[in-house]
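Per numbering that gives the first Met the number 0, the sequence shown starts with residue 0, numbered consecutively. Positions of the beta carbon are idealized from the N, C-alpha and C atoms, including for glycine.
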Amino acid sequence: MDSIRIRGGRPLHGDVEISGAKNAALPLMIAALLTSEPVTLSRVPKLADIATLTKLLSELGVDIAAPDNGDADHSLILRAGNVTSTVAPYELVRRMRASVLVLGPLLARFGEATVSLPGGCAIGTRPVDIHLAGLERLGAQISLEDGYIHASAPDGLKGAEYHLAAPSVGATENLLMAAVLAEGETVLHNAAREPEITDLIHCLSAMGAVIDGTDSDCLRITGQTKLHGTGHRIMADRIEAGTYAIAAAVTGGAVELLGARAPHLETPIECWRQAGITVEETARGLRVSSAGRIQSVNLTTHPYPGFPTDLQAQTMVLMALAEGSALISETVFENRFMHVPELSRMGADIELHGGNALVRGVKALRGAPVMATDLRASSCLVLAGLAAEGETIISRVYHLDRGYERIEDKLAALGADIARVES
Ligand code: EPZ
């Protein structure tokens, strides 16, 4: 297993290209199952999760190829004109739980799907009850046997009104992709409103879907008999952008995030500005800089447009180096403080009380050998290593590779002393 070695204390300067959003690319690739015509996606990030999903879709019979115009815009052409299987096996689903999103499209287009239950992960049990209850409301028959979800809709899905018990991102995406080919109208209340869902809606609409209520928590879908192919450029990754914003701030540097969109980061930007960080919108994206000491700011994670849980660990590094104390409350997942013991080993002063972390700022962190536990915790350790005095070795960086494209190259280009150490 590879490690990453960082020698900290160097301010980052320059600009960094933000890649396509992982959490938009995954449902968008799966949406290709909804039509027999080609769907071309551009700005596809080169990530382990994308490779895993490519393998899964290929096993279902989807033809996935890069256009022969080179790799200029990181495009993929997906053709689901000859799907040969509707079974998503445990071996692949366990590695990438977003695979459960194939349920909706397979049911909608083929009337059947067998998908392994994704199981939990480091940050929580992450059930799929809202996904399944919603699909049943659309007329699917669902049974759970041997760790698999067996779903069928022999007479097709029927539109219905459904109130999501929680604004689940995945459940909203699954139900959206089921409803677009269901007979009649579907209304989803308490739907999630993340920008990645808006990106999916834009693509589905370009494929011929009829969806009202974009950006709201109430989506109204008029089912169609079929959808056609399209081309779609994936939105920039707001979580990657936020991660590099904090890298600039904790090293006292100045970095321009090319492709980043301020409207996708309004709540985090407000928090960082209160902490004394300068965030400016530019023609190419966002410019983030920090000169003086960081001020402590309390934060609570919420579904969009609240503070994103995927930036909680990274912002904790900022607060660990701030003047004063900050209370960070994690309300979306039940176990998303796995990075805290590792940060403490680097000299951070953090007390955990259930879903709350009291972070008392310290003057400096010290480099140390640490271990990544999940995707965003691993990026938080990279940020801590960039800010710390001395050397940090982060092991199990396969977590990092799931969600950050070439992170060591991008950071080295900004002046960081960072390298991947092959084991
Ligand atoms: C998506 O996960 C993202 N993943 C996560 O990003 C992100 O943290 C999360 O949304 C919240 O924003 C992708 O988009 C691939 P949820 P998802 O369903 O869809 C509970 C990253 O680091 N819940 O909105 O799985 C669930 O347990 C990843 O990129 C149910 O109870 O998140 C959790 O507590 C991590 N029943 C809460 O809702 C359900 O049926 C939010 O989960 C579904 C969810």
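Beta bridge counterpart(s) of residue i as assigned by DSSP
i      : result
Ser142 : His149
Leu326 : Leu357
Phe306 : Thr300
Ile393 : Ile3 and Val369
Gly169 : Gly169 is not bridged to any residue.
Asp14  : Glu255
Val186 : Glu160 and Arg219
His231 : Leu40
Leu55  : Bridge partners of Leu55: none, in fact.
Leu351 : Ala356
Val316 : In the DSSP output, where bridge partners are listed per residue, Val316 has none listed.
Ile210 : Ile220
Leu285 : Leu256 and Glu280
Gly19  : Ala235
Arg419 : Ile3
Gln294 : Glu322
Glu388 : Arg365
Whole-number beta carbon distance between residue j and residue i, since they are thought to touch under 8 Å
i      : j      : result
Leu413 : Gly13  : 5 Å
Gly60  : Gly110 : In fact, because the Cβ distance is near 16 Å, the residues do not count as touching under 8 Å.
Ala47  : Arg401 : 5 Å
Leu100 : Glu172 : 6 Å
Ile233 : Ala20  : 6 Å
Ser18  : Glu404 : 4 Å
Gly230 : Thr39  : 4 Å
His301 : Pro194 : Contact flag wrong, Cβ pair sits at about 15 Å.
Asp309 : Ile238 : 5 Å
Ile196 : Ala170 : The Cβ separation is near 11 Å, so there is no contact.
Of the listed residues the options, nearest to residue i (C-alpha basis)
i      : options                           : result
Leu56  : Arg286, Ser41, Ser84 and Glu36    : Ser84
Ile293 : Ala319, Ala312 and Asn355         : Ala319
Thr221 : Ile245, Leu187 and Arg192         : Leu187
Leu364 : Asn22, Thr281, Ala259 and Val249  : Val249
Val287 : Met0, Ile3, Pro10 and Leu102      : Pro10
Ile406 : Ser378, Ala386 and Ala387         : Ser378
Gln223 : Val82, His301 and Arg108          : Arg108
Ala244 : Gly284, Arg125 and Leu131         : Gly284
Met345 : Gly360, Glu135 and Asn355         : Gly360
Val316 : His301, Glu333 and Ser343         : Ser343
Ala31  : Glu404, His263, Ala235 and Ala79  : Ala79
Asp62  : Leu77, Gly133, Glu333 and Ile417  : Leu77
Leu410 : Leu380, Glu195, Ala246 and Ser295 : Ala246
Ala261 : Gly275, Ala274 and Asp236         : Asp236
Thr391 : Ala418, Ile129, Leu137 and Arg272 : Ala418
Leu102 : Val114, Arg94, Met95 and Leu226   : Val114
Ser422 : Ala325, Tyr397 and Cys217         : Tyr397
Gln313 : Lys362, Gly123 and Glu329         : Glu329
Ala282 : Ala259, Val369, Val43 and Asp373  : Ala259
Ala164 : Thr185, Asn189 and Leu226         : Asn189
Ile29  : Glu239, Ala87, Ala152 and Ala65   : Ala87
Gly212 : Leu175, Arg395, Tyr147 and Ile148 : Leu175
Ile268 : Gly251, Gly291 and Val296         : Val296
Pro368 : Ser167, Ser394, Asp416 and Ala205 : Ser394
Ala356 : Asp373, Leu374 and Leu298         : Leu298
Glu160 : Val82, Gly251, Pro117 and Glu182  : Glu182
Arg335 : Ala178, Gly158, Asp373 and Pro66  : Asp373
Unbroken stretches of the beta strand (DSSP E), 3 residues or longer, contained in the region 63–138: 75–78 and 111–115
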